[in-house]
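Number of protein chains: 2
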Amino acid sequence: MTELSDVYIVGAGETKFGELWERSLRELAVEAGLRAVENAGVYSRDVQVLYGSNSLAGIINGQENIGALLSDFSGIAENNIPAIRIEASTASGGAAVRQAYLAVKSGEYDLVMVGGVEKMTDVFGTELIDLTSSVLDREWEAFFGATPAALAAISARKYMADFNVEKDALAMMSVNDHANASKNPDAQYKNKITLEQALNSVAVAEPLNMMDCSPVGDGAAAVLVASENYVKKHKLEGVKILSSADAQDYLALHSRKSLYTLDSAKVASRKALEGAKIKIDDVSFAEIHDSYSIYGLMELEDLGFAQKGKAKDLVYEDIKLNGRIPINPSGGLKAKGNPLGATGVGQFVEAYRQLKGKAGERQVKDSKYAMLHNMGGTGSMSVVHIVGGE
Amino acid sequence: MTELSDVYIVGAGETKFGELWERSLRELAVEAGLRAVENAGVYSRDVQVLYGSNSLAGIINGQENIGALLSDFSGIAENNIPAIRIEASTASGGAAVRQAYLAVKSGEYDLVMVGGVEKMTDVFGTELIDLTSSVLDREWEAFFGATPAALAAISARKYMADFNVEKDALAMMSVNDHANASKNPDAQYKNKITLEQALNSVAVAEPLNMMDCSPVGDGAAAVLVASENYVKKHKLEGVKILSSADAQDYLALHSRKSLYTLDSAKVASRKALEGAKIKIDDVSFAEIHDSYSIYGLMELEDLGFAQKGKAKDLVYEDIKLNGRIPINPSGGLKAKGNPLGATGVGQFVEAYRQLKGKAGERQVKDSKYAMLHNMGGTGSMSVVHIVGGE
Chain A
40 MTELSDVYIV GAGETKFGEL WERSLRELAV EAGLRAVENA GVYSRDVQVL
90 YGSNSLAGII NGQENIGALL SDFSGIAENN IPAIRIEAST ASGGAAVRQA
140 YLAVKSGEYD LVMVGGVEKM TDVFGTELID LTSSVLDREW EAFFGATPAA
190 LAAISARKYM ADFNVEKDAL AMMSVNDHAN ASKNPDAQYK NKITLEQALN
240 SVAVAEPLNM MDCSPVGDGA AAVLVASENY VKKHKLEGVK ILSSADAQDY
290 LALHSRKSLY TLDSAKVASR KALEGAKIKI DDVSFAEIHD SYSIYGLMEL
340 EDLGFAQKGK AKDLVYEDIK LNGRIPINPS GGLKAKGNPL GATGVGQFVE
390 AYRQLKGKAG ERQVKDSKYA MLHNMGGTGS MSVVHIVGGE
Chain B
40 MTELSDVYIV GAGETKFGEL WERSLRELAV EAGLRAVENA GVYSRDVQVL
90 YGSNSLAGII NGQENIGALL SDFSGIAENN IPAIRIEAST ASGGAAVRQA
140 YLAVKSGEYD LVMVGGVEKM TDVFGTELID LTSSVLDREW EAFFGATPAA
190 LAAISARKYM ADFNVEKDAL AMMSVNDHAN ASKNPDAQYK NKITLEQALN
240 SVAVAEPLNM MDCSPVGDGA AAVLVASENY VKKHKLEGVK ILSSADAQDY
290 LALHSRKSLY TLDSAKVASR KALEGAKIKI DDVSFAEIHD SYSIYGLMEL
340 EDLGFAQKGK AKDLVYEDIK LNGRIPINPS GGLKAKGNPL GATGVGQFVE
390 AYRQLKGKAG ERQVKDSKYA MLHNMGGTGS MSVVHIVGGE
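Laid out in structure tokens, this is it:
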């Protein structure tokens, strides 16, 4: 008889997110991993398995077998420590932390590294758009010219029409992200933007313009996940993963029941809240997957913070850093950045820092429970974790 | 207090392996999954999570987000059942089964689907060689022209020189694979070959010729992994996964301690045998990862069946279907085929059929314990499972 272990985050680290022309995939990953190890104050030789999160290194960098790459260049291959890559498109990071969570629960591991990395700036323009479209349904969406931005625009048009939502509301998601990112040294963009600037930027896929779209970027993030035994033995002060949940929806947008309802987010959020035994109102702050501003609004609703069509009531005041429910204190996907495989792991880095009271200027006051939402593609998968609670 | 569950395979299915020009990636995956469900006699709606094994669909088929694709087209996305892709290059299949094993052990799941698929014949020639080289170290191996076959040839030359091994011994691995595959309806090649034919085929990377190299192919394989509770409740007769182990080595061949010793196989085999509480002599048969004939010999040694340099003593008689230690009753990677993401899962399909006494003409007599070895790239990772024992 063995009791299923509680699971803790005991260390976190990340690189700066941005256009890091001079840094390679492996270099970024190793930097994030070492920062996490240093932050945790553990020995890297104690790491028993590594889960690597990456979305597109195969097609962008010609490098598959990412697990082996990370194990080798982080030095743990020397001790034959296995490393497995987890891919769930843009939800790879959350999915990788979830595998680490299950691995610790299984009783086989006491200390697990999760490392997420993406190196996107080696390609650009239409080539990059085609490559990022590989997270869509290639045969039934991308082949016919659909891109992630175009599909987000379709959802936005229908949403705005059905709920009488003005473009201002979408833009406010980005204004909030930039305001928060201005206080995050790791963020890709540290400039604040005004509502007017957001509304007047160049069109990408109308009604979405550049300030509605998360940027292309490079970066890496890592967290160390540990069992209760390990935490006690080494007298660490971890942040507890209270619950972990994931849910799927159809891959192609045209197969979904609704163009603006993210069933994957609804189901994963409900399961995560149940698992953590808390209510949505108990959440102190959330990091949500606003790869496009419209998704920010849809997620506020489907995660449970607002009724469908009503997120517009939250985006002007409530989501601010000192508001009723701070959203994306890190700066979110729009301004902290969205290096795909690193994005979801980076959410844990932010939550760890916030819950330890070490988020500096962007510290959310009296925070107890963080909700972290990482989403694949246009909503094919959502992974939701609740952390904190001590 | 919850007891960690034992883990069983309760169903298995696969497509034929081969050049399946008219079949798509998703079609192959769904066929294998449905066969596994039918074979198990369970409801597909009972599946709680799907682990998808795939190596190269991003770069070959332009399709990442494989988990979502499989969840959607197998019908389980309808119930929001999550699906995650596991990638460990050519060891993805074994790694995916291991994640399923951990997921059941964690107590969160009772019935898990593992599906492996690869669709390789959509590209060919130098393009395919370049794409498959993405499982090597792109910057330090593939960029300089190293290919999987070239690196296997380097190991072969050094091995043959140091241990005075003739080319015949390598060729016998392939002769054995073809002999067994001739009895496997799912195999890519059902023709027997003679030692002479194997020795006289066209050169690929000397001393390796075409009959030393596993073929390019398409295919899918699936297994259902279940908890003890589920097995008892539904009165299923599963095959037990007695142990599951993985181990890493350096990614690049030039970083390894030896050109012909697979440390990943040594460590994973030792851990798997310890976990199953058996000795190597207890193993009834093994499926090993002979993507190149030379790896077959190296693996026989590093998994523990022979001393280093002595596998040549086994390849003429002992490894035959009715020999002392039957190797690759399925036909192995050379003749059953090697559709990368499906290969490791296919080993479980074979083991399940063998241990249930349903392997037809190629049935290994009185088999109790099967060892399954799936390897990444040139040995960067090995996953070893021991199944059976009832």
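Chains A and B supply the protein sequences, listed in that same order. Quick note, the first sequence lines up with residues 40 to 429 if you use the numbering used here. Quick note, the second sequence lines up with residues 40 to 429 if you use the numbering used here. Here a beta-carbon is modelled for each residue, glycine too, at the ideal position from N, C-alpha and C.
- Item | Of the listed residues V423(A), R363(A), L247(A) and S173(A), nearest to V306(A) (C-alpha basis) | Here the question's residue 306(A) lines up with position 267 in the first sequence. Checking every option, the nearest Cα to that of V306(A) belongs to V423(A).
- Residues from the stretch 122 to 153 of chain B in contact with chain A, defined by Cβ distance under 7 Å: With the criterion set as a beta carbon lying under 7 Å from some beta carbon of chain A, the members of the stretch 122 to 153 of chain B are A122, I123, R124, I125, E126, A127, S128, A134, Q138, L141, A142, K144, S145, G146 and E147, in sequence order.
- Kindly say whether Y438(A), judged by its beta-carbon, lies nearer than 7 Å to any beta-carbon of chain B. Residue 438(A) is absent from the model: chain A starts at 40 and stops at 429.
- Task: Express the C-alpha separation of A226(B) and I123(A) in angstroms, rounding to a whole number.
- Result: For this step, residue 123(A) is matched to residue 84 along the first sequence. For this step, residue 226(B) is matched to residue 187 along the second sequence. Taking the straight line joining both Cα atoms gives about 28 Å.
- Message: Distance cutoff 7 Å, beta carbons only. Does N119(B) sit that close to anything in chain A?
- Response: Locating residue 119(B) in the second sequence gives position 80, where the first residue counts as 1. Residue contact check for N119(B) against chain A: a CB pair falls below 7 Å.
- Message: Can you check whether the C-beta of L43(A) is within less than 7 Å of a C-beta belonging to chain B?
- Response: On the first sequence, position 4 is the one that residue 43(A) refers to. Yes, because at least one Cβ of chain B sits closer than 7 Å to the Cβ of L43(A).
- Query: Between the C-alpha atoms of S419(B) and V243(A), what's the straight-line distance to the nearest angstrom?
  - Reply: Numbered from 1 along the second sequence, position 380 holds the residue referred to as residue 419(B). Numbered from 1 along the first sequence, position 204 holds the residue referred to as residue 243(A). Rounded to whole angstroms, S419(B) to V243(A) spans 42 Å at the Cα level.
- Query: So I280(A) is in the beta strand (DSSP E); what residue range does that whole segment cover?
  - Reply: What you label residue 280(A) is simply residue 241 of the first sequence in a count that begins at 1. Element bounds for I280(A): V278 to Q287.
- Message: Rounded to the nearest angstrom, what separates K359(A) and E400(A) at their Cα positions?
- Response: Position 320 of the first sequence, counted from the start, is the residue given in the question as residue 359(A). Position 361 of the first sequence, counted from the start, is the residue given in the question as residue 400(A). Taking the straight line joining both Cα atoms gives about 13 Å.
- Counting Cβ pairs, one atom from each stretch, are 3 or more of them under 8 Å apart for the stretch 56 to 73 of chain B and the stretch 335 to 344 of chain B? Note that the stretch 56 to 73 of chain B does not touch the stretch 335 to 344 of chain B; fewer than 3 beta-carbon pairs, one per stretch, sit closer than 8 Å.
- Note down the Cα distance separating M40(B) from E389(B), rounded to an integer number of angstroms. Against the second sequence, residue 40(B) aligns to sequence position 1. Against the second sequence, residue 389(B) aligns to sequence position 350. With a pLDDT of only 37 at M40(B), under the threshold of 50, the placement of this residue in the model should not be trusted; the figure read from the coordinates follows. Approximately 36 Å, taken between the alpha carbons.
- Query: Would you call K158(A) buried or exposed, if buried means 16 or more other Cβ atoms sit within 10 Å of its Cβ?
  - Reply: Residue numbering aside, residue 158(A) sits at position 119 when the first sequence is read from its first letter. Under this definition K158(A) is a buried residue.
- Assuming G132(A) contacts N413(A) under a Cβ cut-off of 8 Å, what Cβ separation, rounded to an integer in Å, is found between them? Along the first sequence, read from residue 1 onward, the residue named residue 132(A) stands at position 93. Along the first sequence, read from residue 1 onward, the residue named residue 413(A) stands at position 374. The pair is a contact, with the Cβ atoms about 6 Å apart (cut-off 8 Å).
- Query: How big is the Cα-Cα spacing for S303(B) and F324(A)?
  - Reply: Position 264 of the second sequence, counting from 1, holds the residue named residue 303(B). Position 285 of the first sequence, counting from 1, holds the residue named residue 324(A). Cα to Cα, the separation comes out at about 43 Å.
- Message: For chain B, check one thing: does any of its Cβ atoms lie closer than 7 Å to the Cβ of S240(A)?
- Response: Working through the first sequence from its first residue, we reach residue 240(A) at position 201. At a cut-off of 7 Å between C-beta atoms, S240(A) does not count as an interface residue with respect to chain B.
- Query: Between the C-alpha atoms of Q415(A) and S92(A), what's the straight-line distance to the nearest angstrom?
  - Reply: Position 376 of the first sequence, counting from 1, holds the residue named residue 415(A). Position 53 of the first sequence, counting from 1, holds the residue named residue 92(A). According to the sequence provided, residue 415(A) is Gly. The question's Gln does not apply to it. Distance between G415(A) and S92(A), taken at the CA atoms: about 13 Å.
- Message: So, for G348(A): in the same chain, excluding its five sequence neighbours on each side, which residues have a beta-carbon less than 6 Å away from its beta-carbon?
- Response: Here the question's residue 348(A) lines up with position 309 in the first sequence. Same-chain partners within the cutoff: F202.
- Query: Does the distance from the C-beta atom of D216(B) to that of G370(B) stay below 7 Å?
  - Reply: On the second sequence, position 177 is the one that residue 216(B) refers to. On the second sequence, position 331 is the one that residue 370(B) refers to. It is a contact, given that the beta carbons lie within the stated cut-off.
- Own chain residues within Cβ distance below 6 Å of A260(A), not counting five before or after: The residue you call residue 260(A) lines up with position 221 of the first sequence. Taking A260(A) as the centre and dropping the five residues before and after it, the same chain places the C-beta of E53, A71, G155, A381, V384, G385 and V388 closer than 6 Å to its C-beta, in chain order.
- Query: Checking contacts by CB at 7 Å: is L411(B) closer than that to chain A?
  - Reply: As a working note, residue 411(B) is residue 372 in the second sequence. At a cut-off of 7 Å between beta-carbon atoms, L411(B) makes no contact with chain A.
- Item | Residue environment, A284(B), which counts as buried when at least 16 other CB atoms sit within 10 Å | In the second sequence, counting from the first residue as 1, residue 284(B) sits at position 245. With 16 or more other Cβ atoms within 10 Å, it is buried.
- Message: Residues of chain A with CB closer than 8 Å to the CB of E103(B), please, in chain order.
- Response: Residue 103(B) sits at position 64 when you count from the first residue of the second sequence. From the beta-carbon of E103(B), the residues of chain A found nearer than 8 Å are S94, L95, G97, I98, E126, S128, S173 and V174.
- Task: Round the Cβ separation of I280(B) and Y148(B) to the nearest angstrom and send it over; I've been treating them as touching at under 8 Å.
- Result: Numbered from its first residue, the second sequence carries residue 280(B) at position 241. Numbered from its first residue, the second sequence carries residue 148(B) at position 109. With a Cβ gap of about 14 Å, I280(B) and Y148(B) do not count as contacting.
- Item | L150(A) vs V76(A) beta-carbon contact at 7 Å | If you number the first sequence from 1, residue 150(A) lands on position 111. If you number the first sequence from 1, residue 76(A) lands on position 37. With contacts defined as CB atoms closer than 7 Å, L150(A) and V76(A) fail to qualify as a contacting pair.
- Residues that L108(A) contacts on chain B, provided the C-beta gap is smaller than 8 Å: Reading the first sequence from its first residue, position 69 is the one you call residue 108(A). D176 and L290, listed in chain order.
- Item | Option nearest N100(B) by Cα separation, candidates R62(B), V403(B) and K310(B) | Here residue 100(B) refers to the residue found at position 61 when the second sequence is read from its first residue. It is R62(B) whose Cα lies nearest to the Cα of N100(B).
- Query: So who's on the other strand from I317(B), going by DSSP bridges?
  - Reply: Against the second sequence, residue 317(B) aligns to sequence position 278. DSSP lists no partner for I317(B).
- Task: Starting from the C-beta of G106(A), find all residues in its chain whose C-beta is less than 6 Å away, skip the five residues before and the five after it, and write them out in chain order.
- Result: For the purposes of this step, residue 106(A) is identified with residue 67 of the first sequence, where counting begins at 1. Around G106(A): G91, A122, I123 and R124.
- With 7 Å as the threshold, decide whether the Cβ of F419(B) is near any Cβ in chain A. Counted from its first residue, the second sequence places residue 419(B) at position 380. Here residue 419(B) turns out to be Ser, not Phe, going by the sequence shown. Closer than 7 Å: yes.
- Task: Give the straight-line distance between the Cα atoms of M211(B) and L234(B), rounded to the nearest whole angstrom.
- Result: For the purposes of this step, residue 211(B) is identified with residue 172 of the second sequence, where counting begins at 1. For the purposes of this step, residue 234(B) is identified with residue 195 of the second sequence, where counting begins at 1. Between M211(B) and L234(B), the C-alpha separation is close to 6 Å.
- Taking all protein chains shown into account, do 16 or more other C-beta atoms lie within 10 angstroms of the C-beta of V262(A), making it buried, or fewer, making it exposed? The residue labelled residue 262(A) in the question sits at position 223 within the first sequence. Counting Cβ neighbours within 10 Å, V262(A) comes out buried, since at least 16 surround it.
- For the stretch 297 to 314 of chain A, enumerate the residues whose C-beta is nearer than 7 Å to any C-beta of chain B, in chain order. Those residues of the stretch 297 to 314 of chain A that come within reach of chain B (Cβ to Cβ, closer than 7 Å) are D302, S303 and V306.
- Query: Can the beta-carbon of V264(A) be found closer than 7 Å to that of I48(A)?
  - Reply: Locating residue 264(A) in the first sequence gives position 225, where the first residue counts as 1. Locating residue 48(A) in the first sequence gives position 9, where the first residue counts as 1. It is a contact, given that the beta carbons lie within the stated cut-off.
- Query: Helix, strand or coil: how does DSSP classify Y47(A) here?
  - Reply: Here residue 47(A) corresponds to residue number 8 of the first sequence, with the count starting at 1. Strand at Y47(A).
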